[in-house]
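Single-structure report; data block below.
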Amino acid sequence: MLSQLTANTVRRVLLNSEFAQRQQQVRKHGNAVNPDTRLPTEERQARVGVPLAEQIAEQRRNDEFRNEFGLPRSEELLAVIWTAVLAVPGSTTVYRGRLYLSTSFVCYMSQSFRGCRITIPLAAVRRIERAQTTDTNGLHCYELIITVWHQMRIAFRVPLDNNACNYWYDALRAQLKIMVAEQQRAKDSETGMTRYTIKGFCKTCASESLLAAGEKVSAAEIPECLGREFGFPGDSKMLKELPKRQRWAKYMREYGRNLTTVRTSEFDRLIRVGLPNNLRGEIWELSSGAMYLRFQNRGLYDKYVSDYLEHPGPCAEEIEKDLTRSLPEYAGYQAEEGISALRRVLNAYSLHDAELGYCQAMNIVASTMLVFMSEEQVFWTLTVMCNRMVPGYYSPSMYGASLDQAIFQSLAEEAMPMLAESFKRNDIQLSIACLPWFLTLFVNSMPLTYALRVLDCFFLEGPRVLFQIGLAILKINGGALLEVTDDGTFLFILKEYYRTLGDSAYPDATNARARQVTKFHELLYVAYSDFPAITHARIEELRRSHQLRIVHSVEDFSKRTFLRSIIDASGFTREQLSLLYDRYYVVLFSTRKSSENGNTAQKTTEDNGTSVNDGVTLDIYGFARFMFEISSWMR
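45 is the number of the first residue of the sequence shown in my numbering; add one for each residue after it.
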């Protein structure tokens, strides 16, 4: 409970300091809010009458569940069957795991190493059945059969004496009734903003075209993206595009596609060996969970684009400066079509997440994704990436990147103490080379065809891949790096290594197959085999242990920057201004916390409906408390 409270507090502190740099510029966009009530822009308010410990436990349980399956923040866990056996259609493999039900999804996670994961929206459920049967051992059990949109039947077997089964099944039926009712309301109102229009959604997925047209995909079946018109990076024969498409087509026929995909260990393996270009965008958004956000919020991206065209946001000018610096070598960004698409995505996102807005390096990642994804897909993938996968990377202070840099430094010292000592002795800053790795996800470091392979793994396995790849680069080049005495030589060695990633790792080997192993293959092998202990759980643990120090440094930097910008100090000394700054933000923090708990009446500014507690301005109650803190006459 203490760790969850600490995480909540850190988030509020960072929002106070980050929002101070943005809020005064975004007032007029306060009404550009998400019309989908299941995708809140604020944390859910505390429930009256429920003990704090219970609320914290529920919040942590929901957070862990959402992170495990990559679900939207609006999802709440409703029921769990702790022991369920899954029989996958077309396979003799049987999995034992847990069956979950949330507000809008049925999820399953097996417990074995070569596991299986299922995430199915309730809108994709066509039929549910429950019957008593016997398992392979002759024991009586319940069989729950779910028929999904693509006609695949998924069967779960649950022990007959499992009381949770009845509760789970009844809860599923209740949620399906709610879905059908909302589906009908959406149909009657003729609105496109519904999470239940699955037929239209599937038409936007490349997998549907792939299976309809066969493995040889023509230009007409390539999904809407810049690559469709300007081509994909790399040579299709060298990248073995046709065999990759054939393997994915076979997998999707057996295990479903897009919203109904059953993710086995083979799914992960196919991603690690490289994705075909026409499927890359869809697999990225499926692996990251962005597909579920896009499904639940159809039409929202178009609304933000419309808002931007009507009232350009505060980040529009900054975005405009970076448009031509985004993958300039790619033909799509030498034409107005590519520049316009990137402009729309970045401006729409800056309105959607006003607290973050826009930060340099975001354009590099977004421009790379636009080669393989539609604008709407990129928008929602950016949302998942910035909010969940690499939080704080693209904030004004880049506190998330600073946090992960501190973690990477500690991991490097632990794994390669001699190299770390050499860097320290020669005063070489590891962050000079490593910060761009994290901010651009290696896109600006490696040749694009290899950076895309890193992105494939990143969206599948999360940020731990960045640490594994980074450590593997240092280890492979460790011998040369031990001789380095200055930053320039350090960067030169890494640059030369990136340039030769396509060369043979063993050019003198007598075995022909060994000579075909490239340095990039070696890099992936070292990353996964030598650093398997770097798991998602460990990264989260390290983030918690380092975050207070990083928060303090961010706050201290923001404070010093603000105090330096004061032109007229009105007779106050620097020490006095520092004390006033501290007291002001203490009051602001507590005022916003009280407002979130519903203890302070919400005030609005002018006519735009924006709460004064959303920014850095105190309301009358907060100002009175501030004066009480700093003056004796107010007391």
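Don't be surprised by glycine CBs; every beta carbon is placed ideally from N, CA and C.
>> For T565 and T136, what's the separation of their Cα atoms in angstroms?
In response: Sequence check: residue 565 is His here, not Thr. Taking the straight line joining both Cα atoms gives about 32 Å.
(Q) Can you look up Y438 in the DSSP assignment and give me helix, strand or coil? (A) coil
- Simplified DSSP state of A668, which is helix, strand or coil: helix
* Per DSSP, what kind of secondary structure is R272 in: helix, strand or coil? -> helix
For this session: Reducing DSSP to helix, strand and coil, say where S251 ends up.
Result: helix
Would you mind listing the alpha helix (DSSP H) stretches within the segment 82 to 167 that are 4+ residues and don't spill past its ends, in chain order?
96 to 113
task: Please look up how many angstroms separate the CB atoms of G271 and F416, rounded, as I've assumed it's under 8 Å.
output: 6 Å
Self-check item: Length of the line joining the Cα atoms of D214 and F672
Solution: 55 Å
Can you name the start and end residues of the alpha helix (DSSP H) that I408 belongs to?
M406 to L414
Reduced DSSP category for R171 - H, G, I as helix; E, B as strand; rest coil
strand
Sequence-distant residues of the same chain with beta carbon closer than 7 Å to L474, five excluded per side: Q453, A456 and F467
Unbroken alpha helix (DSSP H) run spanning I476, endpoints:
S475 to L483
V306 bridges to which residues according to DSSP? I162
So, for E102: in the same chain, excluding its five sequence neighbours on each side, which residues have a beta-carbon less than 8 Å away from its beta-carbon? none
- Nonlocal neighbours in the same chain, by C-beta distance under 7 Å from T81, ignoring five residues either side: Confidence at T81 is low in this model, with a pLDDT of 36, below 50, so its placement is unreliable and the value that follows should be read with caution. Within the same chain, T81 has no close Cβ partners at all.
Handout entry: Status (buried if at least 16 other CB within 10 Å, exposed otherwise) for V487
Key = buried
Using DSSP with H/G/I as helix, E/B as strand and the rest coil, what is C246?
helix
Point to revise | First through last residue of the alpha helix (DSSP H) which encompasses Y295 | key: E285 to Y299
**Q.** Nearest residue (CA-CA) to V150, options H184, R104 and L188
**A.** L188
Should the segment 278 to 296 be regarded as contacting the segment 316 to 332, the criterion being three or more beta carbon pairs within less than 8 Å? yes
**Item:** P203 - DSSP class collapsed to helix/strand/coil
**Value:** strand
- Query: Which term fits L538, buried or exposed, when burial requires 16 or more other beta carbons within 10 angstroms of its beta carbon?
  - Reply: buried
Closest to L395 by C-alpha separation, out of C403, S418, P358 and T368, would be which residue? P358
TODO: State the start and end residues of the unbroken beta strand (DSSP E) segment that holds V389.
DONE: From DSSP, V389 is part of no beta strand (DSSP E) but of the alpha helix (DSSP H) over E380 to H396.
message: Count Cβ pairs between the segment 341 to 360 and the segment 418 to 432 that sit closer than 8 Å; are there 3 or more?
response: yes
Margin query: Do Y377 and S331 count as a contact pair if the criterion is CB distance below 9 Å?
Written below: no
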